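These protein sequence lines are chains A and B, in that order.
Be aware that the first sequence starts at 0, since it is given in numbering that gives the first Met the number 0, and climbs by one per residue.
Be aware that the second sequence starts at 0, since it is given in numbering that gives the first Met the number 0, and climbs by one per residue.
Ideal Cβ positions, reconstructed from N, Cα and C, are used throughout, including at glycine.
Treat the numbers as computed from the prediction; the structure is a model and nothing was measured.
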Amino acid sequence: MSWKIWSLKKSPWVFHVNTGACNNCDIEIVDLLTPKFDVERFGIKLVGSPRHADALLVTGGVTAQAAPRLREVYRQTPKPCVVFCIGACACDKGIFTTGYHMVGPVDKIIKEIDPNAIIAYVPGCPPKPEAMISGIVKALSAL
Amino acid sequence: MTEALQGLFWIIIFPGFLFTACLGLFASWIVRKVSALVQWRVGPPVLQPFYDVVKLLGKEVLVPQDAQRAVFIAAPVVGLAGVLLLSTMLWRTALTQTAFIGDIIVAIYLMVLPSLALILGSSASASPHAAVGTSREMKLVMGYELSLVMAFVVVVIKTGGQLNLAAIAQQASALSISGMVAFLVALLCVQAKLGFVPFDMAEAETELGSGVLMEYSAAPLAIWKLTQAMMLVALPLFLVMVFLGGFGNAPMPLVWGIGKYVLILVLLILIKNTNPRMRIDQAMKFFWVYCGIALAVAIILATIGNNYGINWL
Numbered sequence: 000m001s002w003k004i005w006s007l008k009k010s011p012w013v014f015h016v017n018t019g020a021c022n023n024c025d026i027e028i029v030d031l032l033t034p035k036f037d038v039e040r041f042g043i044k045l046v047g048s049p050r051h052a053d054a055l056l057v058t059g060g061v062t063a064q065a066a067p068r069l070r071e072v073y074r075q076t077p078k079p080c081v082v083f084c085i086g087a088c089a090c091d092k093g094i095f096t097t098g099y100h101m102v103g104p105v106d107k108i109i110k111e112i113d114p115n116a117i118i119a120y121v122p123g124c125p126p127k128p129e130a131m132i133s134g135i136v137k138a139l140s141a142l
Numbered sequence: 000m001t002e003a004l005q006g007l008f009w010i011i012i013f014p015g016f017l018f019t020a021c022l023g024l025f026a027s028w029i030v031r032k033v034s035a036l037v038q039w040r041v042g043p044p045v046l047q048p049f050y051d052v053v054k055l056l057g058k059e060v061l062v063p064q065d066a067q068r069a070v071f072i073a074a075p076v077v078g079l080a081g082v083l084l085l086s087t088m089l090w091r092t093a094l095t096q097t098a099f100i101g102d103i104i105v106a107i108y109l110m111v112l113p114s115l116a117l118i119l120g121s122s123a124s125a126s127p128h129a130a131v132g133t134s135r136e137m138k139l140v141m142g143y144e145l146s147l148v149m150a151f152v153v154v155v156i157k158t159g160g161q162l163n164l165a166a167i168a169q170q171a172s173a174l175s176i177s178g179m180v181a182f183l184v185a186l187l188c189v190q191a192k193l194g195f196v197p198f199d200m201a202e203a204e205t206e207l208g209s210g211v212l213m214e215y216s217a218a219p220l221a222i223w224k225l226t227q228a229m230m231l232v233a234l235p236l237f238l239v240m241v242f243l244g245g246f247g248n249a250p251m252p253l254v255w256g257i258g259k260y261v262l263i264l265v266l267l268i269l270i271k272n273t274n275p276r277m278r279i280d281q282a283m284k285f286f287w288v289y290c291g292i293a294l295a296v297a298i299i300l301a302t303i304g305n306n307y308g309i310n311w312l
């Protein structure tokens, strides 16, 4: 394992991207960052700019307006980075599958610009913070 | 030749880069750990700041398309150089009592260098968020710089016009009314210099998305993080030297010196954790009006005390 991946596992900084979620997953992500779960124990930190991020927490099924923004945010994230699809919508558009304005899901949009992107899925509507921690740990140990 | 080697050793290894960077990363772990304990959390492991820097060094460097490339990349290096010189000079004075006349003025200039480099680098990044952060940082520098210099003027008057750090460090100026006022104001100025809450409006993660540092990624960001960590060593050390009597001539100077340093660090962390972020206009008003008036009174008291030989004034 190279030192780049080793250090990435030790301090994954996350950036939160909402691509048209109903806000439920966002609230759960905010829950994840509260003192109760204290993810800073693992070096996980919420950062304000995609250029600082190692992981994107994407919620929502990607609306037509959000798709170009999502691609731009992904390009602005320095590689190596991991994309986390948080919630049913981000994983597979969820209840909005037949929506006229939906161009997602997230992995399709990301793979259009980077076929080798590392993408992890945390399903649920919304997923519990425990599920997100479990997903992040599994994804990072698979790197 | 040996003198040049000795100088290089001072700058790169012992009190300079390697030592100060390690100590700074440890100090920034203390900041995060104590903040976590205040919020009833467990907090990060000891090596967390080290992991962060190593990780950032291994990532891809992105430079914005419209950025002024050379300035954008050079700015963090200039900032690091400034704080490196500052910390080497201060440690040398603290440990070996060697100093030159006017080094307090040199130190004041070197302390501004990281802020100026930050202003240059972020304004070269062509980002609107960074532009707002830059303008706030500039106003903040103008705000606290006046108070900081006035606080040092109080000390210089109290020591009878000494401009030599080793001579200033002979007496603990904070053990008097004017010295205490100057020390408290200088502590708040250091808080602003470190970009800690309540004076973190230039970075302001929740409103500007880390403002001045927004466009930096990977290695340049790692250099900024190192610069900030080293500032966390150099600035409290400078306060110890100027106000609290340095490492002193007590039987165990190192223990005393580290105790004073930890005291200042804890004060900074407690201020950080018990205050909300100020607006930039509030911060400028605070430094210019309230701190300015307090320091003017302190200067008058110090002058009277010095002229009539009243040490506690």
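Take the Cβ of A/Ser-1 as the centre, count every other Cβ of all protein chains shown within 10 Å, and call the residue buried at 16 or more, exposed below. exposed
*Using a Cβ-Cβ cut-off of 8 Å, state whether B/Lys-54 counts as contacting chain A.*
yes
- Task: Using beta-carbon positions only, say whether A/Leu-45 and A/Val-13 come within less than 8 Å of one another.
- Result: yes
* Asked: Would the beta-carbon of B/Ala-295 be found less than 7 Å away from any heavy atom of the ligand ADP?
  -> Absence of the ligand ADP is noted for the structure shown, with no ligands found whatsoever.
Q.
Let me check understanding here. Comparing Cα to Cα, which of B/Thr-1, B/Leu-139 and B/Ala-228 lies closest to B/Phe-285?
A. B/Leu-139
Hey, could you find the ends of the beta strand (DSSP E) A/Ala-119 is sitting in? According to the DSSP assignment, A/Ala-119 belongs to the beta strand (DSSP E) that extends over 117 to 121.
Problem - 8 Å Cβ cutoff, A/His-51 in contact with chain B - result: yes
Quick one: Cα of B/Leu-56 to Cα of B/Leu-112, how far? 23 Å
(Q) Which residue marks the beginning of the beta strand (DSSP E) containing A/Cys-84, and which one marks its end? (A) 81 to 85
Whose CA, out of A/Gly-86, A/Ile-112, A/Cys-24 and A/Lys-3, lies closest to the CA of A/Glu-71? A/Ile-112
Please return the same chain residues whose Cβ sits closer than 6 Å to the Cβ of A/Phe-36, not counting the five positions on each side in sequence. In its chain, beyond the 5 residues on either side, Pro-128 have a beta carbon closer than 6 Å to the beta carbon of A/Phe-36.
Practice task
Decide if A/Asn-17 is buried, meaning its Cβ has at least 16 other Cβ atoms within 10 Å, or exposed.
Solution key: Buried, by the Cβ-count rule.
Member of A/His-51, A/Val-121 and A/Ala-119 whose CA lies at the smallest distance from the CA of B/Val-60: A/His-51
Is there a C-beta anywhere in chain B that falls below 8 Å from the one on A/Asp-30? For A/Asp-30, no Cβ of chain B is located within less than 8 Å of the residue's own Cβ.
**Asked** Smallest Cα separation from B/Ala-228: which of B/Gly-6, B/Leu-24, B/Phe-18 and B/Gln-5?
**Response** B/Leu-24
Between the region 88 to 95 of chain B and the region 104 to 122 of chain B, do three or more beta carbon pairs fall short of 8 Å? yes
Could you give the residue range of the beta strand (DSSP E) that holds A/Ala-54? 54 to 58
**Prompt:** Which partner residues of A/Asn-17 appear in the DSSP bridge assignment?
**Reply:** A/Thr-58
Determine the burial state of A/Ile-85: buried for a count of at least 16 other Cβ atoms within 10 Å of its Cβ, exposed for fewer. buried
Going by DSSP, what residues sit across from A/Met-101 in a beta bridge? A/Thr-62
query = Can you find a C-beta in chain A that's less than 8 Å from the C-beta of B/Asp-51?
reply = yes
Taking B/Leu-193 and B/Leu-220 to be in contact with their CB atoms under 8 Å, please state how far apart those CB atoms are, rounded to whole angstroms. That belief does not hold up - the Cβ atoms of B/Leu-193 and B/Leu-220 are roughly 17 Å apart, past 8 Å.
Exercise. Could you list which residues in chain B have their beta carbon closer than 7 Å to that of A/Asp-37, in chain order?
Key: Arg-40 and Val-41
Nearest neighbour of A/Asp-53, chosen from A/Gln-75, A/Gly-134, A/Pro-67 and A/Val-61 [CA to CA]
A/Gln-75
Quiz item: What does A/Lys-78 reach in chain D if we use C-beta pairs closer than 9 Å?
Solution: Protein chains in the displayed structure are A and B, and chain D is not among them.
*Note down, one range per segment and in chain order, each beta strand (DSSP E) of at least 3 residues found wholly within the region 67 to 129 of chain B.*
none
Margin query: Can you tell me where the alpha helix (DSSP H) holding A/Asp-30 begins and where it ends?
Written below: 23 to 31
* Asked: With a cut-off of 8 Å, does the C-beta of B/Leu-225 fall near any C-beta of chain A?
  -> no
Chain-ordered residues of the region 248 to 262 of chain B with a beta carbon less than 8 Å from chain A | Hits within the stretch: zero.
Collapsed DSSP secondary structure at A/Trp-12 in the structure displayed: strand
I believe B/Phe-198 touches B/Ala-191 by the beta-carbon criterion, under 8 Å. Please report the beta-carbon distance rounded to the nearest angstrom. 4 Å
Does the Cβ-Cβ distance between B/Leu-312 and B/Gly-304 come in under 8 Å?
Contact flag set, yes.
Looking at the C-beta of B/Glu-214, does it have a partner C-beta in chain A at a distance below 8 Å?
Cβ-Cβ to chain A under 8 Å: yes for B/Glu-214.
- prompt: Looking at the C-beta of B/Ser-209, does it have a partner C-beta in chain A at a distance below 8 Å?
  reply: yes
Test: A/Ser-133 CB closer than 8 Å to a CB of chain B = no
| C-alpha distance - B/Thr-302 paired with B/Ala-116, whole-angstrom precision | 36 Å
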